[in-house]
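First residue of the sequence shown: 4, per the numbering used here; consecutive thereafter. Even glycine gets a Cβ: it sits at the ideal position worked out from N, Cα and C. Report on the structure given below.
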Amino acid sequence: MNKPELLEKIATNADISKASAERVLKVVMETVIKTVSKGDNVQLVGFGTFKSGRRAARIGRNPQTGAEINIPAVKTVKFTSGKAFKDAINKRK
């Protein structure tokens, strides 16, 4: 499912216009991004938790030359699915 398909589903199920659905989705995504960027978690009970994480600096290899390269430390996003989400995927009740 891509973004237009998701917006169509939200608009249909919530009985709102596609424009309203797009605004809602935009606000939700911006809020998650800002919150996780600050280092806080976003927990949606039953769905999952978005968290920020860190990937340590490390030494890698250039696959073409085999030369060692330094890969810098970076922030990353982690998503842990909630129990209800896992159960729905695995068709458990």
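Go ahead and label Ala87 buried or exposed: buried means 16 or more other beta carbons lie within 10 angstroms of its beta carbon, across all protein chains shown.
Mapped onto the sequence shown, residue 87 falls at position 84. With fewer than 16 other Cβ atoms within 10 Å, it is exposed.
Pairing CB atoms from the stretch 72–90 with CB atoms from the stretch 31–49, are three or more of them under 8 Å?
yes
Would you list the one or two residues that DSSP bridges to Gln67?
Translated into positions along the sequence shown, residue 67 becomes position 64. Its beta-bridge partners do not exist; DSSP assigns none.
For Lys54, which of helix, strand or coil comes out of DSSP?
Position 51 of the sequence shown, counting from 1, holds the residue named residue 54. Looking at Lys54 - three-state DSSP - the assignment turns out to be strand.
Beta-ladder partner(s) of Thr83, from DSSP:
Sequence index remark: in the sequence shown, residue 83 carries index 80 (1-based). Partner(s): Thr52.
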